[in-house]
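Line by line, the protein sequences are chains A and B. Counting from 1, position 248 in the first sequence corresponds to residue 236 in the working numbering; the numbering is continuous, with no gaps. Counting from 1, position 100 in the second sequence corresponds to residue 109 in the working numbering; the numbering is continuous, with no gaps. C-beta atoms are modelled at their ideal positions from N, C-alpha and C, and glycine is treated no differently.
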Amino acid sequence: MPAASPSAQRPAPPATLGAAFRKGMVDSAPFLLVVGPFAVLFGVVATEAGLDLAQTMGFSVLVIAGAAQLTALQLMTENAPVIVILASALAVNLRMAMYSASLAPWIGAAPLWQRALAAYLLVDQSYAVSLANFEAEPRWSLPQRMALFLGTVALIAPVWYACTLAGALLGRGVPDALALDFAVPITFISLIAPGLRTLAHVAAAVVAVILGLVLAGLPYNLGLPLAALAAMATGAEVERRGLARPIRAEGAA
Amino acid sequence: MSGWSDAAVWAIIAALALGTWLIRFSFLGLIGGRRLPPWVLRHLRYTPVAVIPALIAPLVVWPQATGGETDPARLVAALAALAVGFGLRSVLGAIGAGMGTLYLLNAVF
């Protein structure tokens, strides 16, 4: 999550929608370094798991949520029940309800079709970049905000689709020596570890790991939802007791 | 995909797509901009950090590539990714450290 901009001097609101759109594009560009490889990984892993090209692309174009896609794929290879697959993958996406609630005051007055489109394109990166800009430029008009939001996904969404396609075409051509089987856990660890900001996050993760291992033998992959529920409650309870302080000073100090 | 008919795979994709869109649309779709109660927010904040570690911990300890046998190289690689991700707050650095450690250990042993 980007911290408040350190620069004291803020530029004036952009005069045109095009400028707002470009600001969104430029601010989101660095995230391509993560989004591109992540999409390639999904394309390769999905193809190796036996999905055809249309199904692999269907995931990335229709769902457009990498962590949930990989979660569903992993559980499908484990032959988990459909209800466990859907519940687990959608639980990974529940954080987006929080994004939706936090963007509503800024773009909630837009026409219904624009909100429906924005919902489809609401990913971690578009949320983070948009909110940072909205808060920095509270005087922007609604069309300017929507233009910026669309700018944040103008590169990320096409790159997400294209890199999934590249990964799917690469598919089984990836040599075993690259140990891509383990790239999935490594990528997940790498996405979660930087977010372990508070004692509550760490407590939730530790409970999730321990129960995930202890309950791994349960039938129908029921260990995963049970472990996740317990971990979620742990994080919330630690926070409720006021113990969710940052583990260390952020940046300054 | 083994064990899944094409229709079943597409049904999962469709359900996941619809469910994800509804989650994203939830508050943007509401008229009047209702706010989430604090206790709900408190739980939502911890969903990724609750689901993902529970999903991958067994994959790290009992990797599929080794047929479920614990592999020291993969354990060390996972810890390297965790340490770099936590310490440097860098996603790319963590991926590089994890896969780099695995390649190095696989090359040496």
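Amino acids of chain A, ordered along the chain, whose beta-carbon sits closer than 7 Å to that of residue i
i, result
"A59 of chain B", "A192, A196, A216, A219, M220 and G223"
"V100 of chain B", "V22, S178, L179 and P182"
"V18 of chain B", "L39 and Q43"
"F118 of chain B", "Neighbours of F118 of chain B on chain A: none; closest Cβ ~13 Å, over 7 Å."
"L111 of chain B", "A167 and F170"
Nearest-angstrom Cα separation, counted from residue j out to residue i
i, j, result
"V58 of chain B", "M220 of chain A", "8 Å"
"V72 of chain A", "T75 of chain B", "25 Å"
"A66 of chain B", "V197 of chain A", "5 Å"
"R103 of chain A", "V202 of chain A", "42 Å"
"G54 of chain A", "A116 of chain A", "16 Å"
"L110 of chain A", "E123 of chain A", "17 Å"
"M86 of chain A", "N115 of chain B", "41 Å"
"L168 of chain A", "I174 of chain A", "10 Å"
"R229 of chain A", "L37 of chain B", "31 Å"
Neighbourhood of residue i by C-beta, 7 Å cutoff - its chain only, sequence neighbours within 5 removed
i, result
"T110 of chain B", "V85, A86 and A89"
"A188 of chain A", "G223, V226, E227, L231 and A232"
Neighbourhood of residue i by C-beta, 8 Å cutoff - its chain only, sequence neighbours within 5 removed
i, result
"G31 of chain A", "T44, S48, C151, T152, L153, A154, G155, A156, L157, L158 and G159"
Residue i - partner residues in DSSP beta bridges
i, result
"T186 of chain A", "A:P234"
Interface partners of residue i on chain B, CB under 9 Å
i, result
"M13 of chain A", "Ordered by position in chain B, no residue passes the 9 Å Cβ test against M13 of chain A, which lies about 20 Å from the chain."
"R103 of chain A", "F34, L37 and G38"
"R10 of chain A", "Here the premise fails: no neighbours, minimum Cβ distance about 24 Å."
"V80 of chain A", "T56, P57, V60, I61 and L64"
"R229 of chain A", "Correct list: empty, because the minimum Cβ distance to chain B is about 11 Å."
Cβ shell of residue i (< 6 Å), same chain only, five flanking positions each side left out
i, result
"L212 of chain A", "S76"
"V51 of chain A", "Q57"
"G94 of chain B", "A103"
"V141 of chain A", "L109 and S114"
"L214 of chain A", "L203"
Beta-carbon neighbours of residue i, restricted to chain B and to distances below 7 Å
i, result
"P173 of chain A", "I65, L68, V69 and A87"
Contact set between residue i and chain A, taken where Cβ atoms lie within less than 9 Å
i, result
"S11 of chain B", "A37, G38, T65 and N67"
"L114 of chain B", "Residues of chain A passing the Cβ test: none, with the nearest at roughly 10 Å."
Within chain A, partners of residue i - CB distance below 8 Å
i, result
"L91 of chain B", "I177 and A181"
Please list, in chain order, the residues of the stretch 63 to 88 of chain B that have any C-beta partner in chain A closer than 7 Å.
A63, L64, I65, A66, P67, L68, V69, V70, P72, Q73, A74, R83, A86 and A87
With 7 Å as the limit, tell me which residues of the stretch 48 to 74 of chain A have their beta carbon closer than that to any beta carbon of chain B; keep them in chain order.
L50, V51, A53, A55, A56, T59, A60, Q62, M64, N67, V70, I73 and L74
Where the stretch 108 to 120 of chain A meets chain B: residues whose CB sits under 7 Å from a CB there:
Y108 and L110
Going along the chain, which residues of the stretch 126 to 143 of chain A sit with their C-beta nearer than 9 Å to a C-beta in chain B?
none
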